[in-house]
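1 is the number of the first residue of the sequence shown in full-length UniProt numbering; add one for each residue after it. Heads up, the beta-carbon is just placed ideally off N, CA and C, and yes, glycines get one too. In this text the structure is predicted, and so the values were computed from the model without any measurement.
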Amino acid sequence: MSDIPPMIDTEGLSPAVRQQILRCHRARGEKALKAVDAGKIRKYLDFYVVTGQTGEYVVEEDFCTCSHFTYRGRCCWHILAAEIAARTGLYECRDEWYVDRLKNEKWARQTI
């Protein structure tokens, strides 16, 4: 996926790992670490979902639904946050399919 230091698997988000992430990814790394620290990553049965400033973004491996990724095709901070969370276990686990949640929300809006 990205250039996350391998020692994250044994050290977690130690100060040294955080420094390497910031050195390599700069502002994107900072946003990703803030999202992980704030608990803004959820793992559903089908996707990781990262809550950003303007909405929720679906992340699957090296793909994200945010406009940065869509228009630039490069790794965004949502992908970094999802990978950091996946490798450290710092995410909220949801025992449901994200696509089902979206369908239920759409149905609820239509019945109001």
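By the 10 Å Cβ neighbour count, where 16 or more other Cβ atoms means buried, how is residue i classified, buried or exposed?
{"i": "G73", "result": "exposed"}
{"i": "W77", "result": "buried"}
{"i": "Y91", "result": "buried"}
{"i": "L33", "result": "buried"}
{"i": "L45", "result": "exposed"}
Could you say which of the options lies nearest to residue i if we only look at CA atoms?
{"i": "V58", "options": "L13, D37 and A82", "result": "A82"}
{"i": "K43", "options": "D3, D95, S67 and R18", "result": "D95"}
{"i": "A86", "options": "Y71, L102, T54 and E60", "result": "E60"}
{"i": "I41", "options": "N104, Y98, E105 and K103", "result": "Y98"}
{"i": "residue 115", "options": "L80, K103 and L102", "result": "In the structure as shown, the chain starts at 1 and stops at 112, and residue 115 therefore has no counterpart that could be examined."}
Between which residues of its own chain and residue i is the CB-CB distance below 6 Å, once the five residues before and five after are set aside?
{"i": "T65", "result": "Y57 and V58"}
In chain order, what residues of the same chain lie with their CB nearer than 8 Å to the CB of residue i, ignoring the 5 residues before and after it?
{"i": "D100", "result": "none"}
{"i": "E11", "result": "V17"}
Entirely within the segment 43-94 and at least 3 residues each: give me those beta strand (DSSP E) ranges in chain order. Listed in chain order, the beta strand (DSSP E) runs fully inside the segment 43-94 are 48-51 and 56-60, counting runs of at least 3 residues.
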